[in-house]
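For the sequence shown, our numbering gives the first residue as 535, with consecutive numbering after it. Where a beta carbon is used, it is the ideal one built from N, C-alpha and C, also for glycine. Read the structure below first, then the notes.
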Amino acid sequence: MTLESLGEFVEALEQAGQLRRVKTKVSPNLEIAEVMRRLMYADGPAVLFENVEGSSMQVLGNAFGSMKRLEIALETDDFTEIGRRITELTKMKMPSGMLNKLKMLPKLSELGEYGPKYVDSGPVKEIVETDRASLNSMPVLKSFLGDAGHFITFGLTVTKHPETEIRNFGVYRIQIIDDKHAIMHWQMHKRGAQHYRMLKEQNKKIEVAIVIGADPGTVFTAV
Numbered sequence: 535m536t537l538e539s540l541g542e543f544v545e546a547l548e549q550a551g552q553l554r555r556v557k558t559k560v561s562p563n564l565e566i567a568e569v570m571r572r573l574m575y576a577d578g579p580a581v582l583f584e585n586v587e588g589s590s591m592q593v594l595g596n597a598f599g600s601m602k603r604l605e606i607a608l609e610t611d612d613f614t615e616i617g618r619r620i621t622e623l624t625k626m627k628m629p630s631g632m633l634n635k636l637k638m639l640p641k642l643s644e645l646g647e648y649g650p651k652y653v654d655s656g657p658v659k660e661i662v663e664t665d666r667a668s669l670n671s672m673p674v675l676k677s678f679l680g681d682a683g684h685f686i687t688f689g690l691t692v693t694k695h696p697e698t699e700i701r702n703f704g705v706y707r708i709q710i711i712d713d714k715h716a717i718m719h720w721q722m723h724k725r726g727a728q729h730y731r732m733l734k735e736q737n738k739k740i741e742v743a744i745v746i747g748a749d750p751g752t753v754f755t756a757v
């Protein structure tokens with residue numbers, strides 16, 4: 535079964551005995567991060583904090599913190615097989631001769647299934663907030679005493695090349711400044727930063743989507 539949402543991933547973890555739910559109220563200011571740090575070093579389970587101070591949203595942590603949970607996330611028990619398939623697809627060369635080309639059709643068909651598809655609607659559009667939207671409604675964590683503030687640390691930042699329109703997914707730290715503003719911490723060599731510089735030279739603003747809580751397969755496209 536393909537895991538098509540974070541909710542389905544949570545259910546799969548729970549069914550495998552890899553998830554614990556925490557109903558006690560916890561703070562996003564250092565406390566949740568410290569609990570997850572201890573769980574990580576103790577080889578503990580994934581944890582779903584259901585009662586986060588100051589937010590109606592839940593927080594999932596340590597979800598990819600073991601080989602077993604990675605296997606559940608990527609729906610495999612053989613990571614070398616995934617690597618082999620990726621290598622075959624990226625190094626594929628067009629063969630000579632009609633018969634050899636016909637033999638390549640199954641591989642080309644498989645490659646076609648991996649491409650993104652444009653859709654008009656989806657779960658992302660079920661709830662749309664504009665004027666009422668507030669970054670402070672999210673339980674964004676402060677993880678370390680020396681942090682300058684609260685950071686989104688595992689959001690998928692989606693940008694688009696201004697010429698080719700090819701999308702890029704990246705994971706960058708995003709610092710919350712107030713309910714309407716955040717700072718993107720992307721390094722100069724990252725593709726998101728490259729897209730930004732290209733548009734800045736054209737005196738244009740960059741379009742950015744930050745995806746939080748995607749299905750595990752999508753999450754790993756950005757890592």
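Spatial neighbours of residue 561 in its own chain (CB-CB distance under 7 Å, excluding positions within 5 residues in sequence) are listed in chain order as 587. The beta carbon of residue 683 lies closer than 8 Å to those of 676, 709, 710, 711 in the same chain, with the five residues before and after it left out.
Take the alpha-carbon of residue 733 and the one of residue 739: they are about 6 Å apart. Relative to residue 735, the option among 551, 696, 576, 703 whose CA is nearest is 696.
A residue is called buried when at least 16 other Cβ atoms come within 10 angstroms of its Cβ; residue 672 meets this threshold and is buried. Looking at the DSSP output, residue 702 bridges to 693. Rounded to whole angstroms, residue 692 and residue 704 show a C-alpha spacing of 7 Å. For residue 719, the uninterrupted beta strand (DSSP E) run begins and ends at 716 to 719, by DSSP.
In the DSSP assignment, residue 571 falls within the unbroken alpha helix (DSSP H) covering 565 to 575. Approximately 17 Å separates the beta-carbon atoms of residue 690 and residue 653; this is outside 8 Å, ruling out the contact.
Contact annotation: residue 573 and residue 751 have beta-carbon atoms that are not nearer than 8 Å. Note that the C-beta distance between residue 583 and residue 592 is below 8 Å.
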